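Going from the sequence shown to full-length UniProt numbering is simple: count from 1 and add 6.
Virtual Cβ for every residue (Gly too), placed ideally from N, Cα, C.
Please read these numbers as outputs of a predicted model, since none were measured by experiment.
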Amino acid sequence: QTIYLKDYTPFGFDVESVHLTFDLSPNATRVMSRIAFAPNPEATDHRFYLHGKKLTLIKAAINGEPVRPEVTDEGLTCPVPDGSFIWECEVEIDPEGNTALEGLYMSNGMYCTQCEAEGFRKITYYPDRPDVMSVFTVEIKGPHPVLLSNGNPQVQGQGHAIWHDPWPKPAYLFALVAGELVAHSDSFTTCSGKAVDLNLYVRPGDEGKCAFGMEALKKSMQWDEEVYGREYDLDVFNIVAVDDFNMGAMENKGLNVFNSSAVLASPETATDGNFERIEAIIAHEYFHNWTGNRITCRDWFQLCLKEGLTVYRDSQFTSDLRSAAVKRISDVIDLRARQFPEDQGPLAHPVRPESFQEINNFYTATVYEKGAEVIGMLKRLVGDADYARALDLYFARHDGQACTIEDWLQVFEDVTDRDLAQFKRWYSQAGTPRLAVRDEWKDGTYTLHFSQSLPASAASPDPQPQVIPISVGLLDPNGDEVLPTRMLEMTEATQSFAFEGLAARPVPSILRGFSAPVVLDRDVGTAERAFLLAHDTDPFNRWEAGRALARETLMAMATTGAPAGADYLDGMLAVLRDADLDPAYRALMLGQPSQSELAAALAEAGTTPDPDAIWQASETLALAMAQHAQDVLPRILAECRVDGPYRPDPDQTSKRALGGRALSLVTRLDGGTQAAAQYAAADNMTLQLSALGCLLAAGKGSAEVAAFYDQWQDDRLVIDKWFGMQIAQAVPDKAATIVAALTEHADFNWKNPNRFRATLGALTMNHAGFHAADGSGYRLLADWLIRLDPVNPQTTARMCSAFQTWRRYDSDRQSKIGTELERIASTAGLSPDTTEMITRIRGAK
Ligand code: ARG
Ligand code: ZN
């Protein structure tokens, strides 16, 4: 069943208050609700309909009189009196049997909830839609020492707790947690002097992994006050770590629930990358308190209203705390790896979709990451000062409301007097715009001629030109900047910009900072790329020049067997040697484009990508780089050595990032001697895991794999890494076999989403392994998707996107994937979630 944005109508009733009582029991939890309804004067349809799924209705009453509602699998209806009334209802649910991890479920003996997007209807009958906001009081009865819900605690006794949340909220922000948990506590005093109790609740044994998350929370609270003027609004802020969780984390009001992988960290068990991700996710969920909770979405089509903005805000936070250049480059790598394939394939949809079947399938890179890019462009277009004024107006005007993208754009129009009608196409048109540019030099005037085009797609059959902010700088032939960064605002299909009074033909640096999420098409020779790699003052475009050199040499190597490009090798060596450059930046420079990015680039250039040839080219280039840099590598390794206790700060993290790259190159020359030494000496997970990865890549490390397991078998999050690393480093023709063997391991708990992702997800990310010519990767993934679907449709549906790029490959691979898609699609009882994904993936060419 398809739902359309254009069909929105308000709910017929306002909910004036909600009182819930939970009597907890693993297979028979009772939920009593008492809800005050009043007719909604804004609505025309006053039919009383409540959502409800997998609920056993025990009894219901209106104004104290028992009623017998008409119940279906999806909800209930019932005649109601005119005017206000009290609805009371009791249902029974089965948290332990809830393997979908949506609604109220159990994870390691602890109760927890995930209600976004439509999980609350699996807890009780309710108008489960984000535009219905109410004040909740929640009473919990259970034998557990910790009983939590949203808001402030009113009663906290033995086996009994009452929580009251004064802020009206939609049901998707409801949360409940009960278990034998221990708290890591702290406090934060807000800008107006209010003390807030902070708690991070974890399972006993995990206390030592809380300190970093807590610091990140306090930094987030401080940052949101300083940068956005947003103060926290309850007496307590609780975070709970849960092992079984479909996503990263959830911003429930006053009670954030986190996947334990997104919050728990210690130097021994978490890598630098884990620490950075945790800091960003803590910030993201905290920032939702204003962008998501105080101001929420009218309907799920507006998801990017909260997600795009909150991703944008967390990226600003990370840029402020760490290196802005490194953050920007990392975000663009991620955007190209996850969002571009989505935007350019059968799953393409606008940042604000206009229809869906299962909303959980739209928590996508397009809604989140392209949604954040759109905010960044808006800020670039209006400038920092007007962005700040628009945000102030947004918070002042819409606090307590459920809003739309129209509301969001209106505050910018009101503050700037701009007409944003054309800009709005970024929200409504699917696909990645292509920006072609050619240049012209005449009589001291340099002109850039741009043309934009957006490929027509099923989602956007008749695309129109978008507003593209193009940041440009010009360098003279000596490498000095003759025109500092300036923003060109492109609005037409084709448009030219002239720069006068130049002494010599300049070298352009276009789309600095990746000022718009487009594909830039320009004929550039390797000499010009090498020039920008050496001289560009914009750190993003400098990196981009190196990236382009890498991509071009790899494409030539993979298709014609050409040798590694000299411009690339020399340019990289110069970067590697440049001790003035941040080591983390140098590490990013040295990273190769991913093999799937190369496959996309080849397909785009009209060549059918051969995954084995691409893998071979990547290996060959890494070896060539190692040989070329042979003399400087020992010095780099020495420079990157960190003395003193481990800290996941920018300085140390940066050194370990470059050290890790250097070690992987060295391993190609010494066969693993230094990696084995690093493994043996490592006292933190970053060094231990990077050494293990190097050894496995060199075909060594079986002793270390065994030792690693022995050392960490009691730590789930570390064992996820153990599964994942063996698969990431598997050679293409062994990948499926290794994965199949690991799924036989006693610790392969396939119902745990983290473990499933560490195993089958890792397979999909081993490009040549997943695309093995015999189809073994496709078959294995399909087998497991079919098995997981009845247990956890959400995680299954997400992972189907591994097949979204199938039309890129040769006819033999396409037919093998086609067979697996057909097999999944024809599985009896396949979930609506997975059905929608497979249908879309198969549908478009
Ligand atoms: N709102 C959460 C976040 O971005 C994501 C939760 C989505 N969950 C889901 N089942 N679709 O932080
Ligand atoms: Zn979010």
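Rounded straight-line distance, which links the Cα of residue j to that of residue i
{"i": "ALA44", "j": "ILE92", "result": "9 angstroms"}
{"i": "GLY571", "j": "GLN810", "result": "32 angstroms"}
{"i": "LYS128", "j": "GLU108", "result": "8 angstroms"}
{"i": "ALA378", "j": "ASP320", "result": "10 angstroms"}
{"i": "LEU341", "j": "GLN120", "result": "26 angstroms"}
{"i": "LYS851", "j": "ALA562", "result": "Because LYS851 carries a pLDDT of 40, less than 50, the predicted location of this residue cannot be relied on, and the following value inherits that uncertainty. So the two alpha carbons sit approximately 27 angstroms from each other."}
{"i": "GLN308", "j": "ASN299", "result": "14 angstroms"}
{"i": "GLU122", "j": "ALA510", "result": "58 angstroms"}
{"i": "GLU446", "j": "LEU454", "result": "7 angstroms"}
{"i": "THR15", "j": "ASP305", "result": "10 angstroms"}
{"i": "LYS215", "j": "LEU204", "result": "16 angstroms"}
{"i": "PHE19", "j": "GLU98", "result": "25 angstroms"}
{"i": "LEU315", "j": "GLU291", "result": "12 angstroms"}
{"i": "PHE264", "j": "ALA247", "result": "5 angstroms"}
{"i": "residue 4", "j": "THR105", "result": "What the structure shows of the chain is the stretch from 7 to 851, and residue 4 is not part of that stretch, so it cannot be assessed."}
{"i": "THR277", "j": "ASP657", "result": "15 angstroms"}
{"i": "PRO640", "j": "LYS333", "result": "27 angstroms"}
{"i": "ASP649", "j": "ARG662", "result": "11 angstroms"}
{"i": "LEU508", "j": "ALA668", "result": "42 angstroms"}
{"i": "ALA343", "j": "SER600", "result": "8 angstroms"}
{"i": "SER361", "j": "TYR784", "result": "29 angstroms"}
{"i": "LYS632", "j": "ILE642", "result": "As written in the sequence, residue 632 is Ala, which differs from the Lys given in the question. Those two C-alpha atoms are separated by around 12 angstroms."}
{"i": "THR770", "j": "PRO347", "result": "14 angstroms"}
Contact with chain B by residue i, beta-carbon distance below 7 angstroms
{"i": "LEU223", "result": "Absent from the structure: chain B. Only one protein chain is present."}
Residue i - partner residues in DSSP beta bridges
{"i": "VAL263", "result": "VAL246 and MET256"}
{"i": "GLY109", "result": "GLN120"}
{"i": "SER457", "result": "ALA442 and THR500"}
{"i": "TRP169", "result": "VAL144 and PRO159"}
{"i": "HIS190", "result": "LEU206"}
{"i": "ARG492", "result": "VAL478"}
{"i": "PRO523", "result": "In the DSSP output, where bridge partners are listed per residue, PRO523 has none listed."}
{"i": "PRO72", "result": "ALA67"}
Residue interval of the alpha helix (DSSP H) (run including residue i)
{"i": "TRP229", "result": "217–234"}
{"i": "ARG40", "result": "Per DSSP, ARG40 belongs to no alpha helix (DSSP H); it is in the beta strand (DSSP E), 35–45."}
{"i": "HIS773", "result": "773–776"}
{"i": "PRO514", "result": "Segment 513–516 is the beta strand (DSSP E) holding PRO514; no alpha helix (DSSP H) there."}
{"i": "VAL183", "result": "That residue, VAL183, is in no alpha helix (DSSP H); its beta strand (DSSP E) goes 182–185."}
{"i": "GLU213", "result": "Segment: none, GLU213 is in no alpha helix (DSSP H) and carries neither H nor E."}
{"i": "GLU750", "result": "No alpha helix (DSSP H) holds GLU750; DSSP gives it neither H nor E."}
{"i": "ILE792", "result": "782–794"}
The ligand ZN heavy atom lying under 6 angstroms from the CB of residue i
{"i": "GLU313", "result": "yes"}
{"i": "THR316", "result": "yes"}
Limits of the unbroken beta strand (DSSP E) element including residue i
{"i": "LEU327", "result": "Premise fails: LEU327 lies in the alpha helix (DSSP H), 309–327, not in any beta strand (DSSP E)."}
{"i": "ASP337", "result": "From DSSP, ASP337 is part of no beta strand (DSSP E) but of the alpha helix (DSSP H) over 330–340."}
{"i": "LYS822", "result": "First-last for LYS822: 817–831, but that is the alpha helix (DSSP H), not the beta strand (DSSP E)."}
{"i": "GLU94", "result": "91–99"}
{"i": "LEU481", "result": "474–481"}
{"i": "LEU836", "result": "From DSSP, LEU836 is part of no beta strand (DSSP E); its letter is neither H nor E."}
{"i": "PHE19", "result": "19–29"}
{"i": "ILE287", "result": "Unbroken run through ILE287 is the alpha helix (DSSP H), 278–293; no beta strand (DSSP E)."}
{"i": "TYR55", "result": "55–57"}
Near the ligand ARG: residue i beta-carbon under 6 angstroms from a heavy atom
{"i": "MET805", "result": "no"}
{"i": "TYR178", "result": "no"}
{"i": "GLU122", "result": "yes"}
{"i": "ASN758", "result": "no"}
{"i": "TYR369", "result": "yes"}
{"i": "ASN366", "result": "yes"}
{"i": "residue 855", "result": "Because the chain here runs from 7 to 851, residue 855 falls outside it and cannot be looked at."}
{"i": "ASN252", "result": "yes"}
{"i": "MET256", "result": "yes"}
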